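In what follows, a single structure is set out as structure tokens and then discussed.
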Amino acid sequence: TAVVRLVEVTKRYAEHPDEPPALDGITLEVGAGEVFGVIGESGAGKSTLLRLLAGLEKPDSGSVAVRDLPVPALGRRALRELRRGIGVVFQSVDLLSNRTVRQNVALPLQLARRRDAPTSRAEERHRVDEILEFVGLSHRADHFPAQLSGGEQQRVGLARALVTRPALLLCDEPTSSLDTTTTSEVLRVLVNARDRLGTTVVVITHDLDVVKAICDRAAFLERGTLRELFEVAKSDYRSLP
Ligand code: ADP
Ligand code: ADP
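Letter 23 of the sequence shown, counting from 1, is numbered 176 in my numbering, and no numbers are missing.
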């Protein structure tokens with residue numbers, strides 16, 4: 154079954170009415186349990202695609218559905234509901250600098266608590282500890298973001314995105330500013346999310362090595378168009394260190 158379904162999606166930014174659209178007639182599906190890559194150069198439309206999936210932008214034409222919910226047609230309430238089932242990590246991990254790792258990761262649960270999904274504080278605490286262990290950062294729980302390396306901050310961002318157990322995880326360039334070792338630690342979390350939490354993962358990257366390391370399939374975008382949809386051949390599959 155498809156978790157993500159785009160049909161003939163076109164998106165043009167009002168600021169650039171005369172330029173080619175940021176996305177032009179994109180049709181693709183991401184199946185449940187896939188690690189799916191979106192690859193392309195800067196300006197190809199990758200982030201735009203991610204924002205459409207996150208319900209942060211609407212397409213000009215075509216349809217975007219996540220878990221069979223038609224994203225552009227949803228009202229505010231339904232959109233909030235949908236977003237709760239999607240974890241997002243943007244390129245610049247926006248952790249709150251005056252809160253500890255544990256407090257940062259707990260935020261989505263606290264927001265949900267204030268709405269309609271009641272979780273007890275004990276349950277909250279348990280889930281935060283559990284997900285921190287999952288990303289390998291239990292020993293950093295009481296640190297502040299500035300005390301962490303770039304890779305660790307990315308993993309806190311992933312923990313915060315995963316703590317609500319979303320069906321879909323969207324990541325924008327999670328490793329673009331990281332070295333080889335920390336890159337594989339972050340990629341390992343994405344693979345584990347799929348393998349152990351059953352999360353469907355969409356990862357944006359400009360790095361073919363990232364796609365080869367962890368993706369089942371990928372979409373290659375070029376100036377807003379889908380140039381190629383390819384499976385990662387097993388022979389290309391690189392094991393993580
Ligand atoms: P990528 O993530 O592959 O670098 P983007 O989706 O950010 O690509 O950008 C695709 C095109 O859309 C680019 O030409 C970019 O300048 C334009 N664009 C992206 N975001 C905006 C925005 N918020 N407002 C106007 N134009 C944008
Ligand atoms: P990326 O390549 O990952 O999209 P950018 O640095 O291009 O990163 O974009 C960072 C932010 O700036 C995004 O939120 C995007 O929407 C916005 N942006 C990108 N291009 C433009 C543009 N041409 N006009 C306005 N906003 C833009």
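Ideal placement from N, C-alpha and C gives every residue a C-beta, glycine not left out. The structure displayed is predicted, hence computed values, not measured ones.
{"Item": "Quick test of the definition: if touching needs 3 or more C-beta pairs under 8 Å, does the region 218-237 touch the region 167-179?", "Value": "no"}
{"Item": "Please return the same chain residues whose Cβ sits closer than 7 Å to the Cβ of E375, not counting the five positions on each side in sequence.", "Value": "G193, A197"}
{"Item": "Is there a Cβ from chain C that is less than 7 Å from the Cβ of D171?", "Value": "Considering every chain present, this structure includes no chain C. It has just one protein chain."}
{"Item": "Helix or strand or just coil, what does DSSP make of A155?", "Value": "strand"}
{"Item": "Does the distance between the C-beta of E326 and the nearest non-hydrogen atom of ligand 1 fall short of 6 Å?", "Value": "no"}
{"Item": "Assign S214 to buried or exposed, taking buried as 16 or more other Cβ atoms, counted over all protein chains shown, within 10 Å of its Cβ.", "Value": "exposed"}
{"Item": "Residues in its own chain within less than 7 Å of A259 by CB, not counting five upstream and five downstream?", "Value": "E277, V281"}
{"Item": "Please specify which runs of the alpha helix (DSSP H), each continuous and at least 4 residues long, are wholly inside the region 238-272, giving them in chain order.", "Value": "254-267"}
{"Item": "Report yes if the C-beta of A197 is less than 6 Å from at least one heavy atom of ligand 1; otherwise report no.", "Value": "yes"}
{"Item": "Name the two residues that bound the continuous beta strand (DSSP E) containing E384.", "Value": "378-384"}
{"Item": "By Cβ distance, which residues of its chain are closer than 8 Å to V339, with the 5 residues on each side in sequence left out?", "Value": "G304, Q307, R308, L311, P327, T328, L331"}
{"Item": "Between which two residues does the beta strand (DSSP E) harbouring F189 extend?", "Value": "188-192"}
{"Item": "State the DSSP-derived secondary structure class of E161, mapped to helix, strand or coil.", "Value": "strand"}
{"Item": "Do you know offhand how far Y390's Cα is from R274's?", "Value": "The pLDDT assigned to Y390 is 49, lower than 50, so where the model puts this residue is not dependable; a value taken from the coordinates is nonetheless given after this. Y390 and R274: Cα-Cα distance of roughly 42 Å."}
{"Item": "So, at 8 Å on beta carbons, what are the nonlocal neighbours of E182 in its own chain, with the 5 sequence-adjacent residues on each side left out?", "Value": "A155, V157, R158, L159"}
{"Item": "Quick one: grab the DSSP three-state call for D362.", "Value": "helix"}
{"Item": "Taking only three categories from DSSP, how would you classify R370?", "Value": "strand"}
{"Item": "Taking only the alpha-carbon atoms, compute the straight-line gap between E234 and G208 and give it to the nearest angstrom.", "Value": "11 Å"}
{"Item": "Determine the burial state of S245: buried for a count of at least 16 other Cβ atoms within 10 Å of its Cβ, exposed for fewer.", "Value": "exposed"}
{"Item": "Can T201 be considered in contact with ligand 1, in the sense that its beta carbon sits closer than 6 Å to one or more heavy atoms?", "Value": "yes"}
{"Item": "For L321, which three-state DSSP category applies?", "Value": "strand"}
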